[in-house]
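> 139 is the number that the working numbering gives the last residue of the sequence shown; the numbers go up by one with no jumps. Have a look at the structure that comes next, please.
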Amino acid sequence: MHNQGKSIREISRELKIGTKKVRVWIKNWNSEGRLCNKKRGRKRKKICNQLKYFVEQETKLHRSMSCKSLSNKSKILFPQVSCSKTTIYRIRKLLKFDYKPPRIKQSLTEIQKAKEYFLLSIINRTKLTGEM
């Protein structure tokens, strides 16, 4: 249709499809009169069992190790497998590993301790006397 001189808009109206799709078809149309296969995106590599085991063991031993440092360590041990920090994160997610560093509670200052003591004494007094 395009070779016959019809515009992209006319073709899209006639076939009841979008102009973007028509442009893609025209772009991928080869000289033999067929649509050539468009290259697809790269498929993810399968994660090997050795790598899974490695991540699991290292995660158990060093819970606070980051995905980036673990991927650097895995690249040394498994040079044939490309392993990014995202891959390590994905493996950890498959293993249902959910680690958050422990919270360190700060100690109260003397002023905060005095205010807390004062508040608790008021609460205890109201409970004993029944006043509000």
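For every residue, glycine included, the Cβ atom is placed at its ideal position computed from N, Cα and C. In this text the structure is predicted, and so the values were computed from the model without any measurement.
#1: Mind listing, in chain order, the continuous alpha helix (DSSP H) runs of no fewer than 4 residues lying wholly within the region 59-109?
#2: Hey, out of Y124, P86 and S91, whose CA is closest to S76's CA?
#3: Do K62 and L126 have their CB atoms nearer than 9 Å?
#4: Might you give, ordered along the chain, the residues of its own chain that have their beta carbon closer than 6 Å to the beta carbon of S73, omitting 5 neighbours on each side?
#5: Go ahead and label V29 buried or exposed: buried means 16 or more other beta carbons lie within 10 angstroms of its beta carbon, across all protein chains shown.
#6: How is the alpha helix (DSSP H) around L22 delimited, first residue to last?
#7: Buried or exposed, going by whether 16 or more other CB atoms sit within 10 Å of the CB of I98?
#8: Tell me the rounded alpha-carbon separation between G12 and V31.
#9: Do S81 and I95 have their C-beta atoms closer together than 9 Å?
According to the data block:
#1: 74-84 and 92-101
#2: As a position in the sequence shown, residue 76 is number 69, starting the count at 1. The residue with the shortest Cα to Cα distance from S76 is S91.
#3: Residue mapping note: residue 62 aligns to position 55 of the sequence shown, counting from 1. Residue mapping note: residue 126 aligns to position 119 of the sequence shown, counting from 1. According to the sequence as given, residue 62 is Val; it is not Lys. Result no, Cβ atoms of V62 and L126 do not sit closer than 9 Å.
#4: What you label residue 73 is simply residue 66 of the sequence shown in a count that begins at 1. No residues qualify anywhere along the chain.
#5: Within the sequence shown, the letter at position 22 stands for residue 29. The residue is buried, with at least 16 neighbouring Cβ atoms inside 10 Å.
#6: One-based indexing of the sequence shown puts residue 22 at position 15. From DSSP, the alpha helix (DSSP H) with L22 extends over I15 to L22.
#7: In the sequence shown, counting from the first residue as 1, residue 98 sits at position 91. It is buried - the Cβ of I98 has at least 16 other Cβ atoms within 10 Å.
#8: Translated into the one-based positions of the sequence shown, residue 12 becomes position 5. Translated into the one-based positions of the sequence shown, residue 31 becomes position 24. So the alpha carbons of these two residues sit roughly 17 Å apart.
#9: As a first step, residue 81 must be located in the sequence shown, where it is residue number 74. As a first step, residue 95 must be located in the sequence shown, where it is residue number 88. Yes, they are a contact pair.
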